[in-house]
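Undergrad: The structure that follows is given in the form of structure tokens.
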Amino acid sequence: MDTLLRIVSNVYTRRFEEDFLDRVNYQFTAYLFAFGSIIITSKIYMGRPIVCWTPAEFRGGWVEYTTDYCLIENTYYVPLNDPDLPNVPHRGEKELPYYQWVQFVLVLLAFGFYLPHIYWRSVNWWSGIQLRAIVRASCELPKDDVAVSSSIVVAFLKNCELGT
């Protein structure tokens, strides 16, 4: 519970180089994808990942083998109230080839949302522009006098130009 509160409070924490939507993008979305991947992975390895039809004469190890085979191979959907299995030529039309890859795709998506943030934070200082100083200085500019604000901005930009 403390971890969840920390994550939510981090979304609302003000930083200089990002806004609320940036934090939602790299934190909330990445954590949501990672959480979904954990749930799906735990269901596959600790629960009953798939329900496969097995003949009545299968017992014990045969049922486990059939369930593992169904999980790895593409399967097809048969409604429970339909006693007829699809004909062999038509089974390919009803195949469900996606479910065993979902947790890996979710992990890749989580990294895809979080890695740009890590990259930006790690190379931000290479630019030579101190973003915190810029934001802090812009917050302290006088709001009433446009001429004074403009002269401060021009002086600041000249300093940035000389520094590069």
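Count along the sequence shown starting at 1, add 117, and that's the number in our numbering.
Just so you know, even glycine gets a beta-carbon here, dropped at the ideal spot from N, CA and C.
Name the DSSP beta bridge partners of E212, please?
TA: Partner(s): Y193.
Undergrad: Taking the alpha-carbon of V195 as reference, which of F273, W170 and L274 has the nearest alpha-carbon?
TA: Nearest C-alpha to V195: W170.
Undergrad: When we look at the beta-carbon of A227 and count the other beta-carbons within 10 Å, is it buried (16 or more) or exposed?
TA: So A227 ends up on the buried side.
Undergrad: Quick one: is F230 buried, meaning 16 or more other Cβ sit within 10 Å of its Cβ, or exposed?
TA: F230 comes out buried.
Undergrad: With DSSP run on the structure shown, which of helix, strand or coil describes A173?
TA: The answer is coil: DSSP assigns A173 none of H, G, I, E or B.
Undergrad: Quick check: what's the CA-CA separation for R140 versus I156?
TA: R140 and I156: Cα-Cα distance of roughly 23 Å.
Undergrad: Out of K260, I167, P200 and P206, state which residue places its alpha-carbon closest to the alpha-carbon of E190.
TA: Per the Cα distances, I167.
Undergrad: Going by other Cβ atoms of all chains shown within 10 Å of its Cβ, with 16 needed for buried, is S267 buried or exposed?
TA: Burial call: exposed.
Undergrad: Three Cβ pairs or more, each shorter than 8 Å: is that satisfied between the segment 143 to 160 and the segment 216 to 223?
TA: The segment 143 to 160 is in contact with the segment 216 to 223.
Undergrad: Short check: CB of L213 to CB of T183, under 7 Å?
TA: Cβ distance not < 7 Å, so L213 and T183 don't count as in contact.
Undergrad: Which complete alpha helix (DSSP H) runs does the segment 222 to 262 hold, if anything under 4 residues is left out?
TA: Runs found: 248 to 257.
Undergrad: Tell me whether F150 is buried or exposed, calling it buried when 16 or more other Cβ atoms sit within 10 Å of its Cβ.
TA: The residue is buried, with at least 16 neighbouring Cβ atoms inside 10 Å.
Undergrad: L274 by DSSP, collapsed to three states: which one?
TA: It is helical.
Undergrad: Thinking just about the alpha-carbon of each residue, which of A147, F137, V265 and T120 is nearest to the one in P233?
TA: Taking only the C-alpha atoms, the option nearest P233 is A147.
Undergrad: What's the call for Y143, buried or exposed, on a 16-neighbour Cβ count within 10 Å?
TA: Buried is the call here.
Undergrad: For V265, does the three-state DSSP call read helix, strand or coil?
TA: In this structure, V265 counts as helix in the three-state DSSP scheme.
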